[in-house]
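First up is the structure itself, then whatever we jot down about it.
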Amino acid sequence: MVSTPDIRPSPESFLEAAHAEDPTPSSRGKLKIFLGASPGVGKTFAMLEEARAQKRSGLDVVVALVETHGRSETAGLLADLEILPRRRIDYKGQTLGEMDIDALLARKPRLALIDEFAHTNAPGSRHPKRWQDVMEVLDAGIDVLTTLNIQHIESLNDTVAQITGVRVQETVPDAVLARADAIELIDLPPEDLIRRMKEGKVYLPQQVGRALENFFNKGKLTALREIALRTTAGRVDADMLAFMRDNAVQGPWPAEERLLVCVNEAPVGKTLVRAGKQMADRMKIPWIVATVLTPRHDGLNATARHACQDAMHLAETLGAETVTLRAESDAAGEILRYARTRNVTRLVIGRARWPRGIVQKLMSLLREPVSEKLLDGATDFEVVVVTASAKTEAKRRAAPAFSPPPSVSRFSAATLEACLAITLATVFAWPFWSLLPVASIAVIYLVAVQVVAFRHGLTGALLGSALGFLAYNFFYTQPYYSFAVEQYEAVLGLMVFVISSVVTGLLESRLRAQIESMRAAQQRTETLFDFARKIASATKSDDVLWAAAAHSAKVLEARIVIMTPDAAGALEQVQGHPSIEEDLDPAALGAARWAFAHAEPAGAGTGTLPNSEWLFVPLATAAQPFGVIGVRFLDLKRATDPEMKRLLLAVEDQVAVAIERNWLADDLATARIAAESDKLRAALLNSVSHDLRTPLVSIIGAASTLAEGGEALAPQDRQALALTALDEARRLDSYVQNLLDMTRLGHGDLKPKRAAVDLKEIIGRVRTDLARILRRHEIDIRIARDFPMIDVDPVLIGQALANVLDNAAKYAPEGSAITIGAEVEGMQAVVSISDDGPGIPEGDREKVFDLFHRAARGDGAPGGTGMGLAIVRGLVEAHGGSVTAGPGPNGHGTRLAIRLPLAPPPLGEDGP
Amino acid sequence: MSETAPRILVIEDEAPIRRFLKIVLASAGYEMLEAERGRLGVERAATSAPDAVMLDLGLPDMDGKAVIAAIRDWSQVPILILSVRDGETEKIAALDAGADDYVTKPFATGELLARLRVLLRKRAAGKAEPSELEAGALRVSLSARTVAVDGTEVKLTRKEFDVLALLMRHAGRLVSHRQILTTVWGPAHVEDTHYLRIAVGHIRDKLGDDAADPRFIITEPGVGYRLKA
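Chains as they are written, first to last, in the working numbering: chain V, 1 to 912; chain D, 1001 to 1229.
Listed below in structure tokens is the structure:
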């Protein structure tokens, strides 16, 4: 036999399959997209036909939202379908009808029709985009049919814009498209489409008018159709490839190569990302978008930082893996190192286009752009250089928010100091100008310029050198007091002067940037360390949350609030910084609830309820979400900053770990308590069944004998039976009393009504109550006549003493003495009860106070409830006293010592 | 036995207790009237003019204190409370509302009948107060304001004498702190139980009584005092 080569699905195919099945396939709805090359090809029509077919086969179908655009043939198809009413949103005096997502989720049909996948919702809706609504509907387990034109696909946005000259703002990320379970291309030859349009069957929104009419010419339509066909074909190809991998079909698919797109703050970033997406799709390989943060990055202005963030954000929506690398200076080296570790075969970089500023132009002379370095170093990669058409990019950045020119104040400070330094240098050089050669005078200026450069970086250096140059020229080169230059030597000197100051300035500014970045990093590390230490020592969840709020507020420069669900499941604010009670508006509360319910971030900077000023991130342990942390950045724009996101996630992680640790500790304690209470419950059950039943047996026996045959019994037997019943009933009564006392002690609602009372009075009362029990013993009371008052509740302590005396009478032999004594010890009275009983073994002296402990005795021993002494301890401790057991005064028997607080001496006996 | 047996109204919702009390009371020569609800009890007390009332504090329809207050509106009939143990607060409230004494459930019949006898005797004694009172070895002359134990005269202060005389007048009955303080020290001093405690301490010393093994004055912790009858 010829052995066939071992063909197995590759690890990647397993991963992919696992990924595809990720969010529980059975519960997630299926998405089908009807894709068209342009409006009017009949997507909605096709969708409705499918819906009707499904309905006929018995499926629960609901039209969540369909735009008929006034087309009667479409409206006709809607006739017998259930249509959900739209939600009316008032926006700037207009009433907009949007899909009512809550009504749809509540209705929960099997299949929902949601037209125009790329639609942008009215401001104030839950999600800014309709495709986000659709995602939520799918998550709820509802199948969705929707429609989409190819110009709305994010990665095709550039291409379509180039063909049609119209750039649409409503786009759908490719990653979302990739989640569709089926894509059906609705194809119509351009000729037919144009005919339909001429017949008036294609409705054109009036506000678009002429621009869209331009759209419908044959050339453009053909190009669009080709893109649509190619996209669908690519998708089919990908499905085929996945199938082949899953089933280990041997085939010519590429090895796991990767494409790496490098972006920075240059405006070309987004174009690079889209180009990368297309290339990766064509090559059918995974792609990565990377950016490198260097110390220089911290010094960038907000616009530049946002450009970088936007590009990364776009990459995420297009389904790329995004990474942020860090490097001290060699960004290119870092990219290449990373690329090699990830099996990257192709790099996509942008052509550096230096901005017009003179400063930057000078800089570019001194510093080689990263792209050049990459080209030099990337000998083992295929490198694609993309140049942006600056026009489209500029157009895309619609109405950038006005931001003041960076560091105006710094600039004026630099000017001021530069003037000052140069003036000083001029004055200082004045006495020397006749003594020294002119070139040496320049050195004095150079020192001044370097001082300014040191303090203000490159700006200072340039300002200083310009001023220095002018002053030097004016005062010290011929002709004097003129800006004219005559000597060649002086010109050379000036050149050296300018170059050396710029170099110094550059070095200084870079050094300063590095120092500042290091300082910031150090501060971050310190606060993170501080935070870690704080929560490591926090033993209560509340402390952890407090530390988290305080730390996040400091690091993120934001207001923080932490919310957890209360008993009813409603979120409430439990911690916060700087305020624990934030006034959250309905949008913020909605975001908090959504984030908690879906375990995903919501609010500012996310795709859900982004018009809230607050960003909410769920706090979750491995097992479950337990709350949300809300962030309101002092600078609202920072909500989209990936660095902020990273910091927030770091906090969230640590909090979750700490909370989980606390929970585990709590669980352990609870388990221990539960085990103990189980033991106690078993003992109680045992005690109840035995001690409650035994007396009842005697009572019922005696009483039934008396009731049934009383006359036949001898009088003394009748008497004996009655006494038995009486004794047992009393025993039962004391047992029930013990149980009640124990319950009161256990519930902790025992509040002694303390007063200064005479111990002897309490003993007197107890003796009266126990007269019957104590009748066979001699009670010897040894308490001084003037013994001070004690500060106790006379009823409760009476109960405690009664239990002790009852116990003593039970164990001490008949006729022996029970001695009650009392002494003063410091601020306490020590009441001792001694008997001549068998005593308690040393090892048991603590245990006798445990609930349901009974001293092991012979058969003849009287039965107890096992509660008496436990109650004594409970009652005495409720008074701040203590009780201990020890051997009797003569070495035999038992002596119980009860310590009770003495009453403060009366303030003069002036009363009576 | 007198020609008419004293009539005792028992207001108690538990049928077995009523049944057992009926036997006990009949055997002691009393006639028992019954009411199983508070409202009915108040009505019976008005219509059948009993010689004493036994009232359970835990009635389902009415608060025991309300029953006492309703009866006290128009009648000074002795009221004996049947209360559960540990119900000190309730007991005191009932006594303040006008009840005369209490027995703690479960009770021995001997104790119950003794309490009842004291209450009925007091009623029979009527308004004519004797000038001399006697309880065991204790003899008090109200007119001469003298006290003798076993025939030996004992000197008491004015307040001490008033306290002892009050207890003697109600011998065998519980006298609450409030009652003694109001009578002897005046209504402004109802909370000053330490006056009373010190006075009783002195009385005991002078009478040669021992609180831990009382011969004359019994302490009812937290409630009041009782002179042994």
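All C-beta atoms in this analysis are idealised placements derived from N, C-alpha and C, irrespective of residue type, glycine included.
Can you grab the Cα-Cα spacing for the pair residue i / residue j, in whole Å?
{"i": "A602 of chain V", "j": "A620 of chain V", "result": "15 angstroms"}
{"i": "V292 of chain V", "j": "E321 of chain V", "result": "15 angstroms"}
{"i": "L1174 of chain D", "j": "E728 of chain V", "result": "29 angstroms"}
{"i": "V449 of chain V", "j": "I515 of chain V", "result": "21 angstroms"}
{"i": "I1081 of chain D", "j": "V1118 of chain D", "result": "14 angstroms"}
{"i": "L223 of chain V", "j": "A466 of chain V", "result": "The question names Leu, yet the displayed sequence has Ala at residue 223 of chain V. Approximately 56 angstroms, taken between the alpha carbons."}
{"i": "A812 of chain V", "j": "T768 of chain V", "result": "19 angstroms"}
{"i": "Q54 of chain V", "j": "I101 of chain V", "result": "22 angstroms"}
{"i": "A948 of chain V", "j": "Q737 of chain V", "result": "No answer is possible for residue 948 of chain V: the residues shown for chain V start at 1 and end at 912."}
{"i": "E823 of chain V", "j": "P904 of chain V", "result": "16 angstroms"}
{"i": "R1019 of chain D", "j": "R718 of chain V", "result": "21 angstroms"}
{"i": "V386 of chain V", "j": "I349 of chain V", "result": "6 angstroms"}
{"i": "K540 of chain V", "j": "N662 of chain V", "result": "7 angstroms"}
{"i": "S1027 of chain D", "j": "L1021 of chain D", "result": "10 angstroms"}
{"i": "A1211 of chain D", "j": "L759 of chain V", "result": "9 angstroms"}
{"i": "A390 of chain V", "j": "V268 of chain V", "result": "In this predicted model, A390 of chain V has a pLDDT of only 45, less than 50, meaning its place in the structure is not dependable enough to derive any value."}
{"i": "I957 of chain D", "j": "G709 of chain V", "result": "Nothing about residue 957 of chain D can be reported from this structure: the residues present for chain D run from 1001 to 1229 only."}
Answer yes or no: do residue i and residue j have a C-beta to C-beta separation smaller than 7 angstroms?
{"i": "I818 of chain V", "j": "D835 of chain V", "result": "yes"}
{"i": "A180 of chain V", "j": "L59 of chain V", "result": "no"}
{"i": "G881 of chain V", "j": "L896 of chain V", "result": "no"}
{"i": "G605 of chain V", "j": "A639 of chain V", "result": "yes"}
{"i": "A800 of chain V", "j": "L723 of chain V", "result": "no"}
{"i": "A1049 of chain D", "j": "L1009 of chain D", "result": "no"}
{"i": "V273 of chain V", "j": "A228 of chain V", "result": "no"}
{"i": "W614 of chain V", "j": "G630 of chain V", "result": "yes"}
{"i": "V795 of chain V", "j": "E1134 of chain D", "result": "no"}
{"i": "H577 of chain V", "j": "A558 of chain V", "result": "no"}
{"i": "L96 of chain V", "j": "A112 of chain V", "result": "no"}
{"i": "V617 of chain V", "j": "E652 of chain V", "result": "yes"}
{"i": "L647 of chain V", "j": "V555 of chain V", "result": "yes"}
{"i": "G1038 of chain D", "j": "L1057 of chain D", "result": "no"}
Using 7 angstroms as the limit for Cβ to Cβ distance, is residue i near chain V?
{"i": "E1088 of chain D", "result": "yes"}
{"i": "P1187 of chain D", "result": "no"}
{"i": "R1019 of chain D", "result": "no"}
{"i": "A1211 of chain D", "result": "yes"}
{"i": "T1219 of chain D", "result": "yes"}
{"i": "P1106 of chain D", "result": "yes"}
{"i": "G1222 of chain D", "result": "yes"}
Given the structure, does residue i come close to the ligand FMN, in the sense that its CB is under 6 angstroms from one of the ligand's heavy atoms?
{"i": "D139 of chain V", "result": "The ligand content of the structure shown is nil, which means the ligand FMN is not present either."}
Looking at the secondary structure, which residues open and close the beta strand (DSSP E) in which residue i lies?
{"i": "T345 of chain V", "result": "344-350"}
{"i": "Q1076 of chain D", "result": "Careful: Q1076 of chain D lies outside any beta strand (DSSP E) and carries neither H nor E."}
{"i": "P901 of chain V", "result": "894-901"}
{"i": "W287 of chain V", "result": "287-293"}
Return the Cβ separation of residue i and residue j in integer angstroms, given the expectation that the two are a contact with Cβ distance under 8 angstroms.
{"i": "V384 of chain V", "j": "L347 of chain V", "result": "7 angstroms"}
{"i": "E82 of chain V", "j": "H119 of chain V", "result": "Contact flag wrong, Cβ pair sits at about 21 angstroms."}
{"i": "G868 of chain V", "j": "L851 of chain V", "result": "The pair is not a contact, with the Cβ atoms about 10 angstroms apart (cut-off 8 angstroms)."}
{"i": "I535 of chain V", "j": "A658 of chain V", "result": "4 angstroms"}
Taking only beta-carbon atoms, is residue i less than 7 angstroms away from chain D?
{"i": "R718 of chain V", "result": "no"}
{"i": "V872 of chain V", "result": "no"}
{"i": "R776 of chain V", "result": "no"}
{"i": "K751 of chain V", "result": "no"}
{"i": "D727 of chain V", "result": "no"}
{"i": "E613 of chain V", "result": "no"}
{"i": "G839 of chain V", "result": "no"}
{"i": "K760 of chain V", "result": "yes"}
{"i": "G798 of chain V", "result": "yes"}
Locate the alpha helix (DSSP H) running through residue i, then write down its first and last residues.
{"i": "D850 of chain V", "result": "Unbroken run through D850 of chain V: none, as it is neither H nor E."}
{"i": "R258 of chain V", "result": "Not the alpha helix (DSSP H): R258 of chain V falls in the beta strand (DSSP E), residues 258-262."}
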